[in-house]
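Asker: Sequence positions in the sequence shown follow full-length UniProt numbering and run 1 to 455. Ideal placement from N, C-alpha and C gives every residue a C-beta, glycine not left out.
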Amino acid sequence: MSSLARLRCIRPAYLPKTHAWTPRPQQIRIRAFNNYPGGSPRYVRFDSKGQGPYNSWDVRQWNTPSKVMAGIGVFAVGYYISHLEQVPETGRWRFMDISPKFEAALAEAAHQQMLQEFKGKVLPPDHPLTRHIRRVVTRILEANNLGTLEAPDVHTRQRPATDIWAAGDVDRIPPEAGGKEWHLFVVNDDKVVNAMASFGNIVVFTGILPVAKDENGLAAVLGHEIGHAVARHASERYSSMKVFLFLSTLLDIVGIPFSSILTRILYDLPNSRAQEFEADKIGLRLSSRACFDPEAVPEMFKRLGQPERATSGRHIDFLTTHPASEKRSEALREMLPEAYTVQAASPMCGSTADHMARFRDSWLGGLDPDKKEFVYGALKQSLRLDGRGMLEMRTPTLTFGPELGWVECSLGKTRVLAQVDGKMVKPPPERPLEGMITIHSELSSMASNEYEPGR
């Protein structure tokens, strides 16, 4: 039989009949691709040994570089937190890891550097401007128990090359670290309108004096600069430099561009502006406690802002190390009530005012009421400011620092104290003024024993 015939003889297999069934639409269920609750596929990573999924929070699964970086980060955070402290004068939190011993070394190095830098430019101790500035500095330091100035001839003496921690050598420790001696440099440079203080060194350029006008304005500047030293801002900047470098390096490792610029804008510059506001606040308290006029502080910063507006135009605050002078002046003006409270509580201000009143009454007490009032009224209108802070006239000679508005008139060995306001008027003919009329603001000298009541 042929092959074709054999194929035709094969019958198809018997297939039983079945009932056709079509599921309802609501009964159709689509089976998920996997059993993961989220319903979407996920990538499961196995380690080299094929043991379980990778957990990024499991330290045991980290590689060596990751563990090293994590260890450095934990150490850095712990070190930063352990060296946080509050500024005693304001309560601001800051990072500080500079020891007093290191501060002493920085102070000595800064002092020697200034001796070399300003060699031949420092005014002598007996110069009138040096004595004028020294008087203001001394008053601020003594009123606030911050120590004393060095001897006037200290710049000509050689310091012994001994250990700064030697017994009896505590004066070599900077005031920021607990020392009590400050160094004053009056630099004869009229082009520099500046003053600064750090690590116990106070530098005043003569160019600041025309802007300060008088001792009140000068006290505003010096109080601010001494405030920087009291708050240890120079040491804080040394400490912050470490944080700045760490953050910049960390951002570089992560791959963020312009890390140094970002760190400076977001960390360094805000800290600098905070320090300036803080020094303003501390300086206002220091000068007020020393009986200087608190009102002169915002006025001084307002004057400092005039050349700032003329040269720099619009002030972009977040790109500068110092806040705008107008903002500082406004902030200081808001603090004036506190400053007057500090001044009223100062023993120096209250006792000196009483001494002056008693001296005035003792000298004028011998006159009848009409003449007494006439003499005092004449002296009360004795001179007007000319904006220079020191004025000399003949017959009689007038030398004054008009900041506190008190006039001291010599009558031979007898002197009288009165307030100053208005223009120069002639004294009454019954008591002609002879000798020198001195107007100044040294309250301590006004209350000293050099006065001899009228005879």
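Are the Cβ atoms of Ser259 and Leu251 separated by less than 8 Å?
Answerer: For the purposes of this step, residue 259 is identified with residue 259 of the sequence shown, where counting begins at 1. For the purposes of this step, residue 251 is identified with residue 251 of the sequence shown, where counting begins at 1. Less than 8 Å separates the beta-carbon of Ser259 from that of Leu251.
Asker: Out of Val186, Thr320 and Ala105, state which residue places its alpha-carbon closest to the alpha-carbon of Pro125.
Answerer: If you number the sequence shown from 1, residue 125 lands on position 125. The shortest C-alpha separation from Pro125 is found at Val186.
Asker: Who pairs with Val187 in a beta bridge, going by DSSP?
Answerer: As a working mapping, residue 187 is identified with position 187 in the sequence shown. Answer is Val122 and Phe205.
Asker: Name, in chain order, the residues that DSSP records as bridge partners for Leu84.
Answerer: Numbered from 1 along the sequence shown, position 84 holds the residue referred to as residue 84. Note: Leu84 is bridge-paired with Phe95 in the DSSP secondary-structure output.
Asker: Apart from the five residues just before and just after Ile208, which ones in its own chain have a Cβ nearer than 7 Å to its Cβ?
Answerer: Taking the first residue of the sequence shown as 1, we reach residue 208 at position 208. Result list for Ile208: Val193, Asn194, Ala195 and Val221, in chain order.
Asker: Might you give, ordered along the chain, the residues of its own chain that have their beta carbon closer than 8 Å to the beta carbon of Arg92, omitting 5 neighbours on each side?
Answerer: For this step, residue 92 is matched to residue 92 along the sequence shown. Within the same chain, Arg92 has close Cβ partners Gln86, Ala274 and Glu278.
Asker: Give me the Cα-Cα distance between Ile316 and Pro100, rounded to the nearest whole angstrom.
Answerer: Locating residue 316 in the sequence shown gives position 316, where the first residue counts as 1. Locating residue 100 in the sequence shown gives position 100, where the first residue counts as 1. The straight-line gap from Cα to Cα measures roughly 36 Å.
Asker: Locate the alpha helix (DSSP H) running through Met241, then write down its first and last residues.
Answerer: The residue you call residue 241 lines up with position 241 of the sequence shown. Counting along the chain, the alpha helix (DSSP H) containing Met241 begins and ends at His233 to Val254.
Asker: Is Leu247 close to chain D? Criterion is C-beta to C-beta, closer than 8 Å.
Answerer: The structure shown contains no chain D; it holds only a single protein chain.
Asker: Return helix, strand or coil for Met69, following the three-state DSSP convention.
Answerer: By 1-based counting over the sequence shown, the position of residue 69 is 69. The answer is helix: DSSP assigns Met69 an H, G or I state.
Asker: Is it true that the CB of Leu245 sits closer than 8 Å to the CB of Tyr267?
Answerer: On the sequence shown, residue 267 is found 267 positions in, with the first residue counted as 1. On the sequence shown, residue 245 is found 245 positions in, with the first residue counted as 1. It is not a contact, given that the beta carbons lie outside the stated cut-off.
Asker: Residue range of the beta strand (DSSP E) that Ala195 falls in?
Answerer: Here residue 195 is taken as the residue at index 195 of the sequence shown, counted from 1. Start and end: Ala195 to Ser198.
Asker: Counting only the same chain and skipping the five closest in sequence on each side, list residues whose C-beta sits under 6 Å from that of Ala290.
Answerer: By one-based count along the sequence shown, residue 290 stands at place 290. Within the same chain, Ala290 has close Cβ partners Arg139, Ile140 and Ala143.
Asker: Give the single residue among Leu149, Leu319 and Lys281 whose Cα lies nearest to the Cα of Ile261.
Answerer: Working through the sequence shown from its first residue, we reach residue 261 at position 261. Nearest of Leu149, Leu319 and Lys281 to Ile261, Cα basis: Leu319.
Asker: Going by DSSP, name the residue or residues bridged to Glu181.
Answerer: Position 181 of the sequence shown, counting from 1, holds the residue named residue 181. Thr148.
Asker: Would you kindly report the start and end of the unbroken alpha helix (DSSP H) that includes Glu142?
Answerer: Within the sequence shown, numbered from 1, the residue matching residue 142 stands at position 142. Taken as a continuous stretch (DSSP letters only), the alpha helix (DSSP H) holding Glu142 covers Pro128 to Ala143.
Asker: Going by Cα to Cα distance, which pick from Val122, Val211, Ile226 and Pro128 is closest to Gly305?
Answerer: As a position in the sequence shown, residue 305 is number 305, starting the count at 1. It is Val211.
Asker: Residue 469 to Pro152, Cα distance in whole Å?
Answerer: Residue 469 lies beyond the stretch modelled for the chain, which goes from 1 to 455, so this question has no answer here.
Asker: Would Arg328 and Glu236 be called neighbours here (beta carbons separated by less than 8 Å)?
Answerer: Numbered from 1 along the sequence shown, position 328 holds the residue referred to as residue 328. Numbered from 1 along the sequence shown, position 236 holds the residue referred to as residue 236. Cβ distance not < 8 Å, so Arg328 and Glu236 don't count as in contact.
Asker: Can you tell me where the alpha helix (DSSP H) with Arg273 in it begins and where it stops?
Answerer: Counted from its first residue, the sequence shown places residue 273 at position 273. It spans Leu269 to Arg289 - the alpha helix (DSSP H) in which Arg273 sits, taken as one unbroken run.
Asker: Alpha helix (DSSP H) containing Pro337: first to last residue?
Answerer: Translated into the one-based positions of the sequence shown, residue 337 becomes position 337. Unbroken alpha helix (DSSP H) run through Pro337: Leu336 to Ala345.
Asker: Count the other C-beta atoms from every protein chain shown that fall within 10 angstroms of the C-beta of Gly78, then say buried if there are 16 or more, exposed otherwise.
Answerer: As a working mapping, residue 78 is identified with position 78 in the sequence shown. By the beta-carbon neighbour count (other beta carbons within 10 angstroms, threshold 16), Gly78 is exposed.
Asker: Here's a check: name, in chain order, each residue in its chain whose Cβ is nearer than 7 Å to the Cβ of Ile98, leaving out the five neighbours to either side.
Answerer: For this step, residue 98 is matched to residue 98 along the sequence shown. For Ile98, where only same-chain residues beyond five positions count, the Cβ hits under 7 Å are Ser235, Tyr238 and Ser239.
Asker: Which residues mark the beginning and the end of the alpha helix (DSSP H) in which Glu225 is found?
Answerer: For this step, residue 225 is matched to residue 225 along the sequence shown. Taken as a continuous stretch (DSSP letters only), the alpha helix (DSSP H) holding Glu225 covers Glu215 to Val230.
Asker: What does the alpha-carbon distance come out to for the pair Ser325 and Lys191?
Answerer: The residue given as residue 325 occupies position 325 in the sequence shown. The residue given as residue 191 occupies position 191 in the sequence shown. Ser325 and Lys191: Cα-Cα distance of roughly 20 Å.
Asker: Considering only residues of the same chain and omitting the five flanking positions on each side of Lys302, which have a CB-CB separation below 6 Å?
Answerer: For the purposes of this step, residue 302 is taken as residue 302 along the sequence shown, with counting starting at 1. For Lys302, where only same-chain residues beyond five positions count, the Cβ hits under 6 Å are Ser329.
Asker: Just tell me which of Glu117, His111 and Ala339 has its CA closest to the CA of Ala223.
Answerer: For this step, residue 223 is matched to residue 223 along the sequence shown. One detail in the question is off: residue 223 reads as Gly in this sequence, not Ala. Closest option to Gly223, Cα to Cα, is Ala339.
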